[in-house]
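Peer 1:
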Amino acid sequence: MNAELLELTKDRHLRVVFDSVPSKGIDATDTPAGRAAADREYFEAVRREGASRNFGFDGVTRLAGNVGYLNYSTFFPRDMSLPTARGAVALLASTDAVIVDLRRNTGGDPNMVSWLAGLFVDSVARVGTVYDRIGNRTDTSFVRPTEGNDSLRRQPLCILTSRTIFSAPEAFAISLQTIGRAVVVGERTAGGAHLTSGFRIDDHFSIRVPHARAIPDWEGIGVKPDVDAPAEQALRVAHLAALERLQR
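Sequential numbering of the sequence shown, starting at 60, is according to our numbering.
(1) Looking at C-alpha atoms only, which residue of 128, 225, 180, 271 is the closest neighbour of residue 156?
(2) Apply the 10 Å Cβ neighbour rule to residue 293 and answer buried if 16 or more other Cβ atoms are within range, or exposed otherwise.
(3) Quick one: is residue 301 buried, meaning 16 or more other Cβ sit within 10 Å of its Cβ, or exposed?
(4) Which same chain residues end up closer than 6 Å to residue 163 when comparing Cβ atoms and leaving out the 5 residues on each side of it in sequence?
(5) By a C-beta neighbour count over all protein chains shown, 10 Å radius and 16 as the cutoff for buried, is residue 183 buried or exposed?
(6) Are residue 250 and residue 282 close, meaning C-beta to C-beta below 9 Å?
(7) Could you tell me which of 247, 189, 158, 110 sits nearest to residue 276, measuring between CA atoms?
(8) Taking residue 199 as part of the beta strand (DSSP E), name the residues at either end of that continuous run.
(9) Leaving out five residues on either side along the sequence, give the residues of the same chain with a beta carbon under 7 Å from the beta carbon of residue 177.
(10) Tell me whether residue 244 sits in a helix, a strand or coil according to DSSP, three-state version.
(11) What is the DSSP secondary structure of residue 162, reduced to helix, strand or coil?
(12) Between the stretch 204 to 222 and the stretch 235 to 251, are three or more C-beta pairs nearer than 8 Å?
(13) Tell me, to the nearest whole angstrom, how far the beta carbon of residue 299 is from that of residue 232; I am working on the premise that it is less than 8 Å.
(14) Once the 5 residues before and after residue 151 are set aside, which same chain residues still bring their CB inside 7 Å of it?
(15) Which residue marks the beginning of the beta strand (DSSP E) containing residue 38, and which one marks its end?
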């Protein structure tokens with residue numbers, strides 16, 4: 060079904076979601092208490108998944124030449140991710156350059172995108188706008204320095220991409236690329252830029268419907284890398300480029 064929706068609409072965020080565990084039904088969440096209970100249940104399920112996956116921080120290490128490497132697979136919700144995220148960042152603090160690997164990233168929380176991007180800037184920078192059809196409003200998008208973290212704001216930064224990633228990892232890459240803060244290395248990304256809201260269909264099915272878009276809109280276009288490289292070679296290319304830059 061989702062393949063057919065993508066073929067018809069060309070929107071990677073429009074999708075039907077199946078849950079094998081029946082929902083409690085519309086009446087169960089049609090009160091403030093019911094909605095709050097459902098939110099807590101959902102949050103706890105996401106937290107358990109995040110904890111089992113180290114909140115997306117799959118690897119942090121130092122490569123030759125004191126180049127920091129972060130392999131990051133999912134932008135789990137910011138608040139639950141922060142203790143792990145801060146620990147990962149601490150391991151990169153004294154490196155001379157940083158590579159953030161998003162080649163297998165599955166997307167996630169825009170607030171975590173903002174937090175991670177903010178580690179690499181030392182001042183507020185405008186990156187574009189977002190149009191929301193629900194409120195018929197356009198808001199300016201900024202990258203803002205992440206408070207309490209200033210160790211990574213000046214190191215050369217490379218971001219690794221692949222043709223399969225879309226949404227949150229694209230937002231992270233294009234924001235820092237747009238302001239000239241990062242060099243993107245790898246493949247042009249899949250192109251999924253639209254924000255969605257969820258709507259219940261029945262006890263097992265719901266649908267995610269796009270309602271907002273970034274301007275400029277990279278939907279169906281993707282993020283073009285600064286340095287083209289096959290995904291499997293992107294880390295090597297970025298590492299060599301970082302070493303060359305550090306030797307200047």
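Using N, Cα and C, we set each Cβ at its ideal position, and we do this for glycine too.
Peer 2: Looking at the coordinates:
(1) By one-based count along the sequence shown, residue 156 stands at place 97. Closest by alpha carbon: 128.
(2) Indexing the sequence shown from 1 puts residue 293 at position 234. Flag for residue 293 reads buried.
(3) Within the sequence shown, the letter at position 242 stands for residue 301. Buried, because 16 or more other Cβ atoms sit within 10 Å of the Cβ of residue 301.
(4) Indexing the sequence shown from 1 puts residue 163 at position 104. Excluding residues within five positions, the ones whose Cβ falls inside 6 Å are 132.
(5) Reading the sequence shown from its first residue, position 124 is the one you call residue 183. Burial call: exposed.
(6) Translated into the one-based positions of the sequence shown, residue 250 becomes position 191. Translated into the one-based positions of the sequence shown, residue 282 becomes position 223. The answer is yes: Cβ separation under 9 Å.
(7) Taking the first residue of the sequence shown as 1, we reach residue 276 at position 217. The residue among 247, 189, 158, 110 with its C-alpha nearest the C-alpha of residue 276 is 189.
(8) What you label residue 199 is simply residue 140 of the sequence shown in a count that begins at 1. Segment 196 to 202, the beta strand (DSSP E) holding residue 199.
(9) Position 118 of the sequence shown, counting from 1, holds the residue named residue 177. Excluding residues within five positions, the ones whose Cβ falls inside 7 Å are 202, 203, 204, 205.
(10) Reading the sequence shown from its first residue, position 185 is the one you call residue 244. If DSSP states are grouped into helix, strand and coil, residue 244 belongs with the strands.
(11) Locating residue 162 in the sequence shown gives position 103, counting from the first residue. DSSP places residue 162 in coil when its eight states are reduced to three.
(12) A contact between stretches requires three or more CB pairs, one per stretch, nearer than 8 Å, and the stretch 204 to 222 meets this requirement with the stretch 235 to 251.
(13) Residue numbering aside, residue 299 sits at position 240 when the sequence shown is read from its first letter. Residue numbering aside, residue 232 sits at position 173 when the sequence shown is read from its first letter. Incorrect: roughly 20 Å between the Cβ atoms, too far for contact.
(14) Stepping through the sequence shown from its first residue, residue 151 is reached at position 92. For residue 151, the CB contacts under 7 Å within the same chain, skipping 5 residues up- and downstream, are 119, 127, 129, 157, 211 in chain order.
(15) A question about residue 38 goes unanswered here, because the residues of the chain that appear run from 60 up to 307.
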